[in-house]
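One structure below.
2 protein chains.
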Amino acid sequence: MKSVDLIGVGMTKFGKHPDETGRDLLVKAMEDAVSHVDKGIDIKKDIKALFVGYFTPELFEHQGHIGTLAAEWLGLSGIPAFRTESACASSSAALATGYWAVASGMYDLVMVSGVEKMTNLDTTGVTDALSIAADNVFELPAGITFPGLFALMAQEYFEKYNGSWEDLQAVTLKNHYNGSLNPKAQFHAEIASIAKKIAVKKGVTFKDDMDFLKSKYNPLVAYPLRLFDCSPISDGASVAFLASSEISNRFTDKPLHVKGVGLGTDTIAVSGRPDLTTSKGTVNAANAAYKMAGVTPDDIDIAEVHDCFTINEVILSEDLGFFERGKGLKGAMEGRTSLSGDKPLNTDGGLKSKGHPVGATGIAMIHEIWLQLRGEAGERQVKGSPKLGLTCNVGGSTASSMVFILERGEK
Amino acid sequence: MKSVDLIGVGMTKFGKHPDETGRDLLVKAMEDAVSHVDKGIDIKKDIKALFVGYFTPELFEHQGHIGTLAAEWLGLSGIPAFRTESACASSSAALATGYWAVASGMYDLVMVSGVEKMTNLDTTGVTDALSIAADNVFELPAGITFPGLFALMAQEYFEKYNGSWEDLQAVTLKNHYNGSLNPKAQFHAEIASIAKKIAVKKGVTFKDDMDFLKSKYNPLVAYPLRLFDCSPISDGASVAFLASSEISNRFTDKPLHVKGVGLGTDTIAVSGRPDLTTSKGTVNAANAAYKMAGVTPDDIDIAEVHDCFTINEVILSEDLGFFERGKGLKGAMEGRTSLSGDKPLNTDGGLKSKGHPVGATGIAMIHEIWLQLRGEAGERQVKGSPKLGLTCNVGGSTASSMVFILERGEK
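Quick mapping for you: the protein sequence lines, in order, are chains A and B.
Residue 333 in numbering that gives the first Met the number 0 is what sits at position 334 of the first sequence, and the numbering runs on without skipping anything.
Residue 177 in numbering that gives the first Met the number 0 is what sits at position 178 of the second sequence, and the numbering runs on without skipping anything.
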């Protein structure tokens with residue numbers, strides 16, 4: 000297996016992009032990525048293949064065949080290109096495909112990317128589009144959608160490990176704080192600042208963050224999850240360039256090495272699982288990635304984990320082995336996952352605050368690891384020169400899990 | 000790059016399957032594939048990852064996340080799985096992904112598959128669903144759909160090379176004849192037999208095949224293409240198992256070796272192309288596959304080429320280098336592409352007669368090459384022990400092209 004390096008990343012700001020289609024967002028993300036290749040890249044000469052993660056262009060843009068369309072739009076028409084889909088893990092599937100394509104020796108440099116253009120539809124339309132990541136035979140007829148599915152996980156977690164919604168707000172507050180330091184985050188704001196804006200607008204007062212989070216301005220979505228436990232509806236795109244380690248120094252002296260790759264799945268319908276506080280998909284993916292990388296969870300300096308709902312950051316932090324079973328929530332409450340903690344999670348604000356254009360999320364996680372491991376994360380830079388970073392991107396109710404471990408090169 | 004072998008294939012009959020969903024069709028195709036592994040396969044133990052090509056489950060079944068769903072349905076929940084999409088080349092994208100995953104050394108055996116469940120929708124619904132393989136900004140607003148796009152190609156071909164619709168019927172007649180010998184074909188019937196049925200039912204007479212093909216029972220769809228120039232709307236699924244050559248003899252003594260892999264793209268909108276009688280995507284894909292395999296078009300004994308419309312078999316036969324420019328139609332008329340010709344094309348009846356459940360088509364082509372190279376194609380077996388077979392599966396108006404070259408092993 001050939002060694003593979005990450006040589007550049009890029010992304011759009013996440014949020015509403017009313018004037019741009021998915022293909023336009025991909026162009027912006029690619030331009031950003033090109034600007035992050037230290038020694039430059041000639042896209043027409045250097046990029047040998049393109050893989051695009053997009054969950055459902057069919058329902059969001061009434062457009063399919065998006066891999067080939069993107070190749071054309073990016074000025075790369077002619078090269079191998081196709082789309083990968085695994086619900087909210089669609090761009091991690093593109094990354095895995097690109098990884099194998101380079102590791103096999105077939106291509107020496109590929110572009111992997113993700114995009115979702117969601118704000119075309121109203122909330123009902125988005126809810127319907129996202130619902131097809133669940134099982135339309137066994138789940139949707141019951142009327143349940145994703146906030147409800149993750150609410151079931153939260154209920155089981157709280158019951159099993161004696162936690163509460165109040166405890167969970169440690170995740171909300173942390174991720175909004177991190178997002179306030181990330182200019183590309185959709186919510187570029189702490190909870191306190193959001194509360195202040197609402198207070199001014201509505202002529203009300205809040206004693207503190209928790210007073211706001213318990214107010215009617217943070218309404219219940221699916222018990223026990225409230226609005227600020229949920230990631231937002233977003234537009235955005237993300238891009239990464241993968242190159243064979245044999246040629247990566249043509250592009251940068253500071254590549255990241257792709258050290259571990261692991262994928263796993265669980266039942267689509269949560270009714271098929273004996274325990275909602277874990278996913279065998281994540282456990283399988285993490286085990287495979289750790290084994291390939293020859294590292295343990297303790298070796299990981301920073302991680303991006305899929306907090307589509309706050310509870311999922313906690314569950315993943317346990318499935319990935321960062322905390323023992325039932326100890327993840329406590330870890331968050333103790334600040335161990337904050338920027339200055341011993342296991343910083345979602346330093347870019349996570350899906351919660353950065354935004355979650357679903358097809359773009361997996362590679363946006365890679366984007367943050369790139370910045371952090373290279374010491375380029377600005378105000379949110381983790382201290383101590385982190386060397387090993389991990390991403391865990393999931394699809395549906397954690398029915399698909401994809402884990403990547405990246406290491407700072409020492410060239 | 001590790002050497003990769005094909006160790007078994009399977010497919011459902013193509014046609015209408017009113018009682019089965021896409022996931023059910025995949026199960027049937029997998030069961031068929033398992034039965035074709037000479038020395039047996041233990042799916043739970045042996046299959047390390049799954050890739051599923053499906054063009055648009057979103058629009059046909061209101062279901063996404065189909066890779067993970069398929070893993071569960073096939074009894075493989077837990078393993079790495081995702082979907083690939085490249086319009087009608089979606090399962091060739093799964094095959095390419097699986098090829099790279101094994102060639103890289105990541106997995107020693109993977110299942111690749113394709114499926115489409117189209118007959119849920121009426122003709123208008125199917126036309127709408129398929130239309131998203133074209134460009135929804137630059138083509139669909141003009142009101143054109145695929146029969147119209149391929150009709151433009153036929154018009155340009157006839158004008159440029161002095162051909163006619165009557166000439167093109169050599170392809171229709173050949174593929175229906177081949178399909179009449181294929182029990183899994185949707186139209187398991189020659190044109191003469193279809194004409195006879197209609198004659199009996201309607202109380203009319205036809206002098207011969209051409210008299211029928213020129214009649215109102217073969218109506219114009221988009222000038223110059225008529226109904227029997229178009230592939231049908233179909234349900235179906237196809238499966239192949241790929242294994243590292245290091246372990247393939249555990250499963251069979253007669254594997255096929257994956258000798259060449261090539262992918263390419265062209266503009267999605269045909270307005271971007273200087274010449275409609277060729278696709279740079281096919282030329283790129285073919286060149287890459289021939290170069291990797293170290294063979295020329297003349298070395299290919301049999302090929303499956305994407306005759307979604309009859310004209311496309313002719314165009315692809317030239318883009319693949321089987322015939323000089325402008326000579327493909329003449330080659331078909333002279334019988335050179337028939338079962339007993341020097342370059343048999345679409346020995347299983349092609350998309351035209353076998354059916355075209357779009358996501359399943361690429362791997363169904365591989366299925367036919369498997370049978371022919373192993374001498375197991377029954378009544379339609381090509382004489383002379385063919386050794387090298389090629390598939391060319393395309394998406395949209397040949398905006399995506401994927402070419403595979405398979406060789407009979409000599410173990």
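Beta carbons: idealized from backbone N, C-alpha and C, even for Gly.
Three-state secondary structure (DSSP) at residue i?
i: B:G388; result: strand
i: B:E406; result: strand
i: A:H428; result: The requested residue 428 of chain A does not occur in the structure, where chain A is confined to residues 0 to 410.
i: B:F157; result: helix
i: A:R373; result: coil
i: B:R225; result: strand
i: A:V381; result: coil
i: B:D4; result: strand
i: B:A48; result: strand
i: A:V313; result: helix
i: B:M105; result: coil
i: A:S396; result: coil
i: B:L338; result: coil
i: A:L219; result: strand
i: B:G358; result: helix
i: A:G327; result: helix
i: B:L94; result: helix
i: B:G39; result: coil
i: B:G320; result: coil
i: A:L344; result: strand
Between the options, which lies nearest to residue i when the distance is taken from Cα to Cα?
i: B:S270; options: B:F50, B:A100, B:N135; result: B:N135
i: B:A86; options: A:S91, A:A80, A:C87, A:T397; result: A:A80
i: A:L226; options: A:G77, A:F308, A:S247; result: A:F308
i: A:M401; options: A:T118, A:A302, A:K1, A:K382; result: A:A302
i: B:T123; options: B:Q185, B:V357, B:F250, B:L58; result: B:L58
i: A:A32; options: A:V238, A:V357, A:K253, A:E115; result: A:V238
i: A:I267; options: B:K12, B:L148, B:I78, B:G147; result: B:I78
i: B:K386; options: B:P273, B:P254, B:I310; result: B:P254
i: B:A169; options: B:Q371, B:V257, B:G334, B:G7; result: B:G334
i: A:H256; options: A:E245, A:L328, A:Y176, A:I193; result: A:E245
i: A:A93; options: B:L275, B:F50, B:I190, B:R324; result: B:F50
i: A:K47; options: B:A284, B:I190, B:T336; result: B:A284
i: A:H366; options: A:K351, A:S384, A:G388, A:G383; result: A:G388
i: A:I299; options: A:P273, A:V313, A:T336; result: A:T336
i: B:D252; options: B:D37, B:A28, B:G377; result: B:D37
For the beta strand (DSSP E) that residue i lies in, which residues bound it at each end?
i: B:T83; result: 80 to 84
i: B:M110; result: 108 to 116
i: A:E303; result: 301 to 304
i: B:V238; result: 234 to 243
i: A:L262; result: 255 to 264
Could you spell out the range, first to last residue, of the alpha helix (DSSP H) harbouring residue i?
i: A:T126; result: 122 to 130
i: B:A292; result: 279 to 292
i: A:F211; result: 208 to 212
i: A:A141; result: No alpha helix (DSSP H) contains A:A141, which DSSP labels as neither H nor E.
i: B:E30; result: 21 to 34
i: B:L73; result: Looking at the DSSP string, B:L73 is not in any alpha helix (DSSP H), and its letter there is neither H nor E.
i: B:G413; result: Because residue 413 of chain B is not part of the residues shown, which for chain B are 0 to 410, the question remains open.
Who are the neighbours of residue i on chain C, taking C-beta pairs under 7 Å?
i: B:D274; result: The structure shown contains no chain C; the protein chains it does contain are A and B.
Note down, in chain order, all residues in the stretch 71 to 88 of chain B with a beta-carbon under 7 Å from any beta-carbon belonging to chain A. E71, S76, G77, I78, P79, A80, F81, R82, T83, E84, S85, A86
Which ranges would you report for the alpha helix (DSSP H) in the stretch 146 to 201 of chain B if only whole runs of at least 4 residues count? 164 to 179, 190 to 201
Where the stretch 390 to 410 of chain A meets chain B: residues whose CB sits under 9 Å from a CB there: G394, G395, A398, S399, M401
Of the residues that make up the stretch 135 to 146 of chain A, which ones have a beta carbon closer than 7 Å to any beta carbon in chain B? The residues in question are N135.
Listed from N- to C-terminal order along the chain, which residues in the stretch 86 to 105 of chain B have their beta-carbon within a distance smaller than 7 Å of any beta-carbon of chain A? A86, A92, T96, W99, A100, A102, S103, G104, M105
Of the residues that make up the stretch 121 to 133 of chain A, which ones have a beta carbon closer than 7 Å to any beta carbon in chain B? I131, A132
Going along the stretch 243 to 269 of chain B in order, which residues come within less than 9 Å of chain A, judged by CB to CB distance? Against chain A - using a Cβ distance shorter than 9 Å - the residues of the stretch 243 to 269 of chain B are V260, G261, L262, G263, T264, D265, T266, I267, A268.
Contact residues within the stretch 176 to 201 of chain B, judged by C-beta distance below 9 Å to chain A: none
Mind listing which residues of the stretch 344 to 372 of chain B have their C-beta closer than 9 Å to chain A's C-betas, in chain order? none
At a CB distance below 9 Å, what residues from the stretch 56 to 70 of chain A approach chain B? Give them in sequence order. P56, E57, L58, E60, H61, Q62, G63, H64, I65, G66, T67, L68, A70
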